[in-house]
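A.B. asks: If you're matching positions, the sequence shown starts at 9 in our numbering and goes up one per residue.
Note that beta-carbon positions come from the ideal geometry of N, C-alpha and C, so glycine has one too.
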Amino acid sequence: MNLAWVSNMTKIPIGEMSEKNLEVLLNIFQPEGEWETQRRFYYDPENRRKFYKVDCFSEALRVVWEYEGPEHYCDVWKVQRDKERKAYLESNGYSFFRWPYYAQLTIDVAKHYFPDAYTDNKYQQAIKMIYGADSQSMILAPGLHTSKNTPANFVATGVRRFFVELEGLPKSMKAQVAESLRRYIADIGDPYLIIGEQEDFKLLLETPISDDELHVFFHRKPIEH
9 MNLAWVSNMT
19 KIPIGEMSEK
29 NLEVLLNIFQ
39 PEGEWETQRR
49 FYYDPENRRK
59 FYKVDCFSEA
69 LRVVWEYEGP
79 EHYCDVWKVQ
89 RDKERKAYLE
99 SNGYSFFRWP
109 YYAQLTIDVA
119 KHYFPDAYTD
129 NKYQQAIKMI
139 YGADSQSMIL
149 APGLHTSKNT
159 PANFVATGVR
169 RFFVELEGLP
179 KSMKAQVAES
189 LRRYIADIGD
199 PYLIIGEQED
209 FKLLLETPIS
219 DDELHVFFHR
229 KPIEH
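1. For Tyr-50, name the three-state secondary structure that DSSP assigns.
2. Using a threshold of 8 Å, state whether the C-beta atoms of His-106 and Glu-67 are closer than that.
3. Grab me the residues of Met-17's own chain with a C-beta within less than 6 Å of its C-beta, minus the 5 sequence neighbours each way, in chain order.
4. Can you look up Phe-218 in the DSSP assignment and give me helix, strand or coil?
5. Starting from Ser-180 and walking both ways along the alpha helix (DSSP H), at which residues does that stretch end?
6. For Ser-26, tell me which candidate among Val-71, Gln-206, Leu-113 has the shortest Cα-Cα distance.
7. Does Leu-211 pass the burial test, meaning 16 or more other C-beta atoms within 10 Å, or should it be called exposed?
8. Cα separation between Ala-12 and Gln-38?
9. Mapping the DSSP letters down to three states, classify Leu-174 as helix, strand or coil.
Following this line, the structure appears as C-alpha cells:
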C-alpha cells in the first residue's frame, strides 16, 4: 500500500483551489500586483452592456487570471467566448492566465505559474490557507475525485482545450490527473461515466505515475498498476 495513502487517511484537506482561493494565491505570490476581482472590460464603446468580466486582475503587472470551472469545457459557446476574451485582452497588452478546475497547488504547479516569485515560505503559506495543509503530501491531488463534472461531459472543443492545457502544465500534473481518473473508474466500475468513449482519454489513462508524484492526497484508495 502506498505510504502517502496511509498517512492521508488521518487527515483530509479542508480546501481546494477555487475562484476565491485564486485571489488568495495571487496575493501571496505576487502581492505587488494589488489584485482586483471581477473587473469589467467594455469591448464595445457604443454598448455598455457588452463587456468581459475577469476573475483576477492586476493593472500594476498588466496580468489577468481566470479560474475556469467545468462549464468552460462543456459549453461550446463559453469556450468560444473564452477565446474571444483572451484575444481581446492580449491585444490590449495584458498577459492572460487560466487556472483549470482540475488543477491544484503542487510545488511543480506553483513553480510553473510563478517561476520568478516562488519561494518555499510562500508555498507553505498558500497551502496552509487554501488546504489547511503543512506539506504537499496533504494537499488535494490535481485531477477529479468526486465531482460529476467529468471529461465524459466535455464537448469536442473542450476536449481539445483540456489536452492543450495539460501538455503545457508540469509532467507531474498530467500523471496525477491520470491517476485520479484511474481511481475514479476503478471505484465506480463504469469508465463511460468518467471519460466517455473518447480515445484521447483512454490514452491518458496509460500515463504512468512515479512514487514521488503519488505524494499528494487522493480521495480513493490506490490501485495496482
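C.D. replies: According to the data block:
1. strand
2. The amino acid at residue 106 is misidentified as His; the sequence shows Arg. The answer is no: Cβ separation not under 8 Å.
3. Low local confidence applies: a pLDDT of 47 at Met-17 is under 50, so the model's placement there is unreliable, and no value is given.
4. Checking the displayed sequence, the identity of residue 218 turns out to be Ser instead of Phe. If DSSP states are grouped into helix, strand and coil, Ser-218 belongs with coil.
5. Start and end: 179-196.
6. Leu-113
7. exposed
8. Caution applies to Ala-12, whose pLDDT of 44 falls short of 50 and renders its modelled position unreliable; the model cannot decide the point.
9. The answer is helix: DSSP assigns Leu-174 an H, G or I state.
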